Amino acid sequence: MAIAPLSPGDDRAAFRSGSPALDKYFRSLGPRAAGKGLIALFVLTLPSAPAPRGFYALSGLTLRLPDLLGERGPRPSRYPEIAAARLTRLCVDKRHRRQGLGAALLADALSRLAALPSPPLAAIADAPSPQARHFYARHGFRAFSDRETQMFLALQPAR
Ligand SMILES: CC(C)(COP(=O)(O)OP(=O)(O)OC[C@H]1O[C@@H](n2cnc3c(N)ncnc32)[C@H](O)[C@@H]1OP(=O)(O)O)[C@@H](O)C(=O)NCCC(=O)NCCS
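Everything in the sequence shown is counted per the working numbering, starting at 3 for the first residue and increasing by one.
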């Protein structure tokens, strides 16, 4: 299995997400945003079949701690904003789900973030459906106090 940045030779037209919006994202919107440097798009392929089996997209954002912690937060912090990474999309071809490919994509995204020179302190995942929330919750992501369609995971600070 290989997970690498999107390359022009990837056969994106063969990918079937099960959602016209996600297919459109993978075919045109995502690559365009990646070309402009707004996101990083990674693609999973297997040696046995060159067509992509899955992908994920990452971007950076600043997160306000009070939004993250809600009522659970301590007294107001002197540093209320932290650097976070946003996992805007993560998708496996619908014909190849439940084989661990989603978990492999997520593990790859988190290890790339941990390897950055200044790793983010949290990962925020867009999770628009109950299926997506179930997936991220299985991998340790937690719900925000103030929004339903995103979840967060605290990452280890760099030592
Ligand atoms: C959410 C999504 C990425 C998961 O992808 P996936 O490849 O099926 O994920 P995994 O295989 O790692 O895990 C899914 C389930 O399969 C199970 N599984 C993993 N390997 C397995 C195997 N070899 N045999 C049987 N089951 C297996 C996992 O335990 C997990 O079970 P659970 O539903 O009880 O938690 C995929 O369903 C998807 O692309 N959905 C549409 C897009 C989406 O909602 N993306 C997220 C937000 S943008």
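For glycine and all other residues, C-beta sits at the position ideal for the given N, C-alpha and C.
As the structure is a prediction and not an experimental result, all values here were calculated from the model.
- Exclusion of the five residues before and after R88 leaves S61, L63 and I126 as the residues of its chain whose Cβ lies within less than 6 angstroms of its Cβ.
- Taking C-beta atoms as the reference points, A106 and I5 count as a pair closer than 9 angstroms.
- CA-to-CA, the gap between R91 and R80 works out to about 32 angstroms.
- Taking L108 as the centre and dropping the five residues before and after it, the same chain places the C-beta of H141 closer than 6 angstroms to its C-beta, in chain order.
- Judged by DSSP in its simplified three-state form, S61 adopts strand.
- In this structure, P130 has its beta carbon less than 8 angstroms from a heavy atom of ligand 1.
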